[in-house]
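Input: a single structure, listed below in structure tokens.
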Amino acid sequence: MRAMVLRASGQPLVAETRPDPEPGRGEIRVRVEACAVCRTDLHVVDGELPDVRLPVVPGHEIVGIVDRLGAGVAVPALGTRVGIPWLGHTCGHCPYCADGHENLCDEPVFTGCTRDGGYATHVVADAAYAFALDGFADPVAAAPLMCAGLIGWRSLSMAGEGRRIGLFGFGAAAHILTQVCRWQGREVYAFTRPGDLPAQHMALSLGAKWAGSAQESPPDLLDAAIVFAPVGALVPDALCAVRKGGRVVCGGIHMSDIPQFPYRLLWEERQIVSVANLTRRDATEFLAVARAAGVTTTTTVYPLEQANQALADLRHGRFQGAAVLVP
């Protein structure tokens, strides 16, 4: 197999040739068709997340075909197209797993962080944490759904039932979530970097009611706001934009420090909450919604060996939507 490997934090990925991996009990091996590039991958590469296992193959928005089964596995069957997300395994016995919050598991395994991920031609995964992608014929288009889509869906669920939803940072997650919100009959207000007209135009083309910079005031107060950009200074901006009783959801795994802000921004029962990881139930729910809503993704394709370029382009906002590596 071929893989792009992170050997040291802050260093470029290195191309390696390895023996094809063998699945253990309860595992499957997947021939990777596509792996989207997530901002979390940048946090892994930059050493901003704890407990990254080095060396590691990054990548957790994986789509591929099951080509080998480990002992005890009957489902998914050989030849099935599956998606493999960030949450790669949970213990099943800690208090969080026991009460249905496996996303908060005390002993989790994360794809592309604490186990090898999808920047490769093959990957091994826990069969119970891989999802059949029936009805998703294009692996490149489906790859961003496995994190940008899933974490967007969990963030939207935590935002509540409000009609007016603000999205701060209009990247891979927001361009998917805008379509879901519009399908649900909600209004979307998109907040971008100052002067990022391409992102604003994209938001409007996908049905957003308004698009502007994060420093602008939207024409209406929001019921909820989701902050996807890893910029803590956006949290006070989002609080300014939500109505009394509104909620701000921090949708990233890593964010710069939130600056001090006056209590009056939080007063009147506004809330700030965070999203951590995802559950398998999230995946089941979201994939059904994505099919029903006819969600499409905007992608820029890179060969596997250009993973470093894809990461650099993501870091500097050089494309709209999502980057996808294809072996």
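Just so you know, we're using the UniProt record's numbering here: the sequence shown kicks off at 1 and counts up by one.
From the three backbone atoms N, C-alpha and C, an ideal C-beta is built for every residue, glycine too.
Every value quoted in this text rests on a predicted model; they were computed, and no experiment measured them.
Beta-carbon proximity list for residue i, same chain, < 6 angstroms, skipping 5 on both sides
| i | result |
| --- | --- |
| VAL63 | GLU33, ALA34, GLY83, PRO139, ALA142, ALA143 |
| GLY59 | CYS35, GLY112, GLY117, GLY118, TYR119 |
| GLY232 | MET255, SER256, ASP257, ILE258 |
| VAL326 | ALA34, VAL301 |
| GLY169 | PHE228, ALA229 |
Cβ neighbour criterion (16 or more within 10 Å) applied to residue i
| i | result |
| --- | --- |
| residue 328 | Nothing in the structure corresponds to residue 328, since the chain is present only between 1 and 327. |
| VAL301 | exposed |
| ASP99 | exposed |
| GLU102 | buried |
| TYR263 | exposed |
| THR17 | exposed |
| LEU314 | buried |
| VAL124 | buried |
| TRP153 | buried |
| HIS175 | buried |
| ALA203 | buried |
| TRP267 | exposed |
| ARG29 | buried |
| ALA8 | exposed |
| VAL275 | buried |
| ALA323 | buried |
| GLN11 | exposed |
Where residue i sits in the DSSP three-state scheme
| i | result |
| --- | --- |
| MET202 | helix |
| PHE110 | strand |
| HIS175 | helix |
| VAL57 | coil |
| PRO303 | strand |
| MET158 | helix |
| VAL73 | coil |
| GLU22 | coil |
| GLU269 | coil |
| ILE258 | coil |
| GLY117 | coil |
| ARG164 | strand |
| PHE131 | strand |
| ALA98 | helix |
| ALA283 | helix |
| VAL37 | strand |
Beta-bridge partners of residue i, as assigned by DSSP
| i | result |
| --- | --- |
| ARG31 | ILE65, HIS122 |
| CYS250 | VAL227, SER274 |
| HIS89 | VAL109 |
| TRP210 | TYR189 |
| THR17 | ARG2 |
| residue 330 | In the structure as shown, the chain begins at 1 and stops at 327. Residue 330 is therefore absent and cannot be evaluated. |
| ARG81 | ILE65 |
| LEU222 | VAL242 |
| ALA8 | Looking at the DSSP assignment, ALA8 forms no beta bridge with any residue, so it has no partner. |
| ALA312 | In the DSSP output, where bridge partners are listed per residue, ALA312 has none listed. |
| ALA322 | THR299 |
Residue of the options minimising C-alpha distance to residue i
| i | options | result |
| --- | --- | --- |
| residue 398 | SER256, ALA132, THR284, GLY321 | This structure cannot settle anything about residue 398, because the visible part of the chain is limited to 1 through 327. |
| PRO55 | ALA173, LEU13, HIS89, PRO23 | LEU13 |
| VAL180 | GLN200, LEU156, PRO198, GLY160 | LEU156 |
| LEU206 | HIS122, THR114, GLY171 | GLY171 |
| ALA130 | ARG280, ALA290, VAL326 | ARG280 |
| ARG31 | CYS105, VAL324, PHE191, ASP20 | ASP20 |
| GLY162 | GLY72, PRO303, VAL188 | VAL188 |
| GLY251 | GLY317, CYS147, GLN200 | CYS147 |
| ALA15 | ALA312, GLY24, SER9, MET4 | MET4 |
| GLU27 | GLY317, ALA307, HIS89 | HIS89 |
| ALA288 | PHE168, GLY135, VAL324, GLU305 | GLY135 |
| VAL52 | ARG29, TRP86, VAL37, ASP67 | TRP86 |
| ALA310 | VAL45, ARG182, PHE286 | VAL45 |
| PRO230 | GLU61, ALA173, THR284 | ALA173 |
| LEU145 | ILE65, LEU265, THR296 | THR296 |
| THR121 | LEU6, CYS240, MET1, LEU78 | MET1 |
| ARG182 | PRO198, GLY169, ALA208 | ALA208 |
| residue 329 | ALA322, ILE253, PHE286, HIS201 | Since the first residue of the chain shown is 1 and the last is 327, residue 329 is not available in this structure. |
| PHE261 | ALA190, VAL75, CYS240 | CYS240 |
Residues near residue i in its chain [Cβ-Cβ closer than 8 angstroms; skip 5 each side]
| i | result |
| --- | --- |
| VAL242 | GLY166, LEU221, LEU222, ASP223, ALA224, ALA225, VAL248, ARG270 |
| GLN215 | PRO194, ASP237 |
| GLY24 | GLY70, ALA71, VAL124 |
Neighbourhood of residue i by C-beta distance below 7 angstroms, restricted to the same chain and skipping five residues each side
| i | result |
| --- | --- |
| CYS91 | CYS97, CYS105, ASP106, GLU107 |
| ASP282 | LEU150, TRP153, ARG154 |
| PHE319 | THR300, ASP313 |
| LEU133 | VAL63, ARG81, VAL82, GLY83, ALA142 |
| PHE286 | GLY149, LEU150, TRP153 |
The ligand GDP heavy atom lying under 7 angstroms from the CB of residue i
| i | result |
| --- | --- |
| ALA127 | Ligands displayed in this structure: none; no statement on the ligand GDP is therefore possible. |
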